[in-house]
Each structure stands twice: as C-alpha cells, then as structure tokens.
Amino acid sequence: MAVREGFGGAVKAAELVARARTIGPIRTRCTAVFSLMNTSVVVGIRAVDEGEHRKLLSARPLFDEIVPSGPFTPHITVAYYRPEAPTPLAPDALRAVLGELTARVTGTPVMLTPERLHVLHFDSMSNYWAV
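Okay, so the sequence shown: first residue is 4 according to this note's numbering, each after it adds one.
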C-alpha cells in the first residue's frame, strides 16, 4: 500500500476532531486499572454525571465514519504488553499490581479537554506522530 493510501483518512479525521472539540470538556473519574483485551493496562474512566455521559457518548460515534467501533470502554492506556512474551507475566502478580493501582486512582478526577484531542498517525503501538 502506498503511503498516501494508508493516510487517506487524515483530512476527514481532522474534520471529525474539529466537530468533537465543539462538544467541550467532559468531566470523568477514574474507576479501575485493568487489562484491556489482554494486550494493555488501562485506567477506566466514567463520566461524573448523566450530562457528561451524554457528551461522551455523542463524541465517540463521530469517528465511526472512519472506523466503526460498536461498544467502547472509555479508558486511558497506561502500557502495552505482549501476552505471549518470552518471559510471560505472572497472572497473580499482574492482578495484585492492578489491584494496588486501582486503590490509588479510583475516584481521581480526569477532565477530557477538547484542545488535547489530536489526529495522530502510527505505525506501531510505540510510534505515533502528528498529522
């Protein structure tokens, strides 16, 4: 695939980010630290009230024009890992760490601010750059 074909949605994505920014800030709180899809450690977030929840749910479907998402889990990715790494993660140790981190962050407020929403390209889960 040519580079141009691989990044053809950048203009549309930028338009959708501009639309999402008009929703304004969304107030959330941390709920738990957990393994998402057995590939990453994330901090789950939840809107603080029904009004904020409606804003969050109105923002996400905007991007379905590019990649349909279906149900989603609002979260902040903390780390990626490979479940089949040469040295596997010990499930009990991971569970204990996730529990300890959950105790530290539960209830912490997180403001999702429109000016921090950007379109990024990436070629791996560790290499991102701005459009």
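Built from N, CA and C at the ideal position, the CB exists for glycine as well.
Small disclaimer: the values here were computed from a predicted structure and weren't measured.
- Counted as a single uninterrupted DSSP element, the beta strand (DSSP E) harbouring P112 occupies residues 112-115.
- Rounded to whole angstroms, the gap between the alpha carbons of P117 and D52 is 18 Å.
- Nearest in C-alpha terms to V44, of all of V134, L101, L65, is L101.
- L19 and T42 have their C-alpha atoms some 27 Å from each other.
- Annotation for S61: the continuous alpha helix (DSSP H) segment containing it runs 53-62.
- A contact between stretches requires three or more CB pairs, one per stretch, nearer than 8 Å, and the region 117-127 fails this requirement with the region 67-76.
- Contact check for T31 against V113 passes: the beta carbons are separated by less than 8 Å.
- Only residues of its own chain outside the window of five on either side were considered, and among them K58, S61, A62, P117 have a CB closer than 8 Å to the CB of I26, listed in chain order.
- Taken through DSSP and simplified to helix, strand or coil, R98 comes out as helix.
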